[in-house]
Amino acid sequence: METHVRLEPWSAGDFWLLERKNEPAMTQFLGGPEPAAKLADRQRRYEALSAREPAAGRMFRVVWTPAGEGPGGGRAESVGSVGFWEREWQGEPVYESGWGILPEFQGHGLAVAALTELLAYVRAHGSRDSVHAFPGTDHPASNAVCRRAGFEYLGDVDFEYPPGVPHPSCDWRYRVGRPPGGLTPSG
Numbered sequence: 005m006e007t008h009v010r011l012e013p014w015s016a017g018d019f020w021l022l023e024r025k026n027e028p029a030m031t032q033f034l035g036g037p038e039p040a041a042k043l044a045d046r047q048r049r050y051e052a053l054s055a056r057e058p059a060a061g062r063m064f065r066v067v068w069t070p071a072g073e074g075p076g077g078g079r080a081e082s083v084g085s086v087g088f089w090e091r092e093w094q095g096e097p098v099y100e101s102g103w104g105i106l107p108e109f110q111g112h113g114l115a116v117a118a119l120t121e122l123l124a125y126v127r128a129h130g131s132r133d134s135v136h137a138f139p140g141t142d143h144p145a146s147n148a149v150c151r152r153a154g155f156e157y158l159g160d161v162d163f164e165y166p167p168g169v170p171h172p173s174c175d176w177r178y179r180v181g182r183p184p185g186g187l188t189p190s191g
C-alpha cells in the first residue's frame, strides 16, 4: 500500500480533527483527553504557529490519497496531524516534533510518511540543527515511527507531558541535513 502523504497547514477548519485526536484511544499515552477549554486553546496555538514564519515551526493536517480500489481508494482523506515547534532541550535550541494518526488509518506507514515529509520541510525552512521527539517508553508504535523515520535514539529521559507531569520517555533526535545513525532502544 502506498504511503505518500501531503501536509497542509493547520487552519480554523481543522478543529474537528483536533477533537478526534482528543479521543481516549488517541490520548492514552498523552495523559488522557483534554477538557474543551484546553482543546480550544490548542486550536488557537496551532493556528498561530502556522501563521508565523516557517522557521518557527508549523502544525500540519496529514492528507492521504490511498491508491487502488476498495473503501477510500483514490479519495483524499485527512488522517491525522504532524508538527514541529521551537524549544530548548538540554541547553540547546532544537525543534520538538509530534504527530498523531487516527486509529482507522494506523498500520499503513502514514505516521512515518508524514514525519518524513515534515523533516523535508524542516530541512528547507528550519533554522535549528536538530528535531527531537519524546514518545513514552510505554509507546512502542511511536518509538518505531522514530526509528523508521531515521531518528537516532539518545536514551531514556523523564519528559514532562502534560506540563508538570514527568513521564518516562525516549529521546530521539534527527540531525537536519546530516545522515542519522546511532543506538536503538533496548527492550
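All the letters of the sequence shown, read from the start, carry residue numbers 5 to 191 under my numbering. All C-beta atoms in this analysis are idealised placements derived from N, C-alpha and C, irrespective of residue type, glycine included. All values reported here derive from a predicted model rather than from experimental measurement.
If you run the structure through DSSP and keep just helix, strand and coil, what is residue i?
i: Trp20; result: helix
i: His136; result: strand
i: Pro37; result: coil
i: Pro58; result: helix
i: Trp14; result: coil
i: Gly74; result: Low per-residue confidence applies at Gly74: pLDDT is 46, beneath 50, and the placement is therefore not dependable enough to give any value.
The beta strand (DSSP E) spanning residue i covers which residue range?
i: Ser85; result: Glu81 to Trp93
i: His8; result: First-last for His8: undefined, no H or E at that position.
i: Leu176; result: Sequence check: residue 176 is Trp here, not Leu. That run of the beta strand (DSSP E) goes Pro170 to Arg179.
How many whole angstroms separate the CB atoms of residue i and residue j, which I take to be in contact at a CB cut-off of 8 Å?
i: Ser134; j: Val66; result: Not quite, the Cβ-Cβ distance comes to about 22 Å (not below 8 Å), so this is no contact.
i: Tyr99; j: Gly61; result: 7 Å
i: Ser101; j: Leu119; result: 7 Å
i: Trp176; j: Phe163; result: Not quite, the Cβ-Cβ distance comes to about 11 Å (not below 8 Å), so this is no contact.
i: Gly104; j: Gly84; result: 5 Å
i: Glu38; j: Arg46; result: 7 Å
i: Gly87; j: Phe64; result: 6 Å
i: Gly140; j: Pro172; result: 7 Å
i: Arg199; j: Pro97; result: Only positions 5 to 191 of the chain appear in the structure, and residue 199 is not among them; the question remains open.
i: Glu50; j: Trp14; result: Checking the displayed sequence, the identity of residue 50 turns out to be Tyr instead of Glu. About 4 Å; that satisfies the 8 Å criterion.
i: Leu106; j: Arg24; result: 6 Å
i: Leu43; j: Leu22; result: 6 Å
What residue does the alpha helix (DSSP H) around residue i start on, and which one ends it?
i: Glu51; result: Ala40 to Ala55
Less than 7 Å between the CB of residue i and some heavy atom of the ligand ATP, yes or no?
i: Ser131; result: Absence of the ligand ATP is noted for the structure shown, with no ligands found whatsoever.
Check your understanding: Can you list the alpha helix (DSSP H) stretches of 4 or more residues lying completely in the region 96-165, in chain order?
Key -> Scanning the region 96-165 for uninterrupted alpha helix (DSSP H) segments of 4 residues or longer gives 114-129 and 144-152, listed from N- to C-terminal end.
Is there contact here, the region 144-152 with the region 124-134, by at least three beta-carbon pairs under 8 Å? Judged by Cβ distances under 8 Å, the region 144-152 makes no contact with the region 124-134, as fewer than three pairs qualify.
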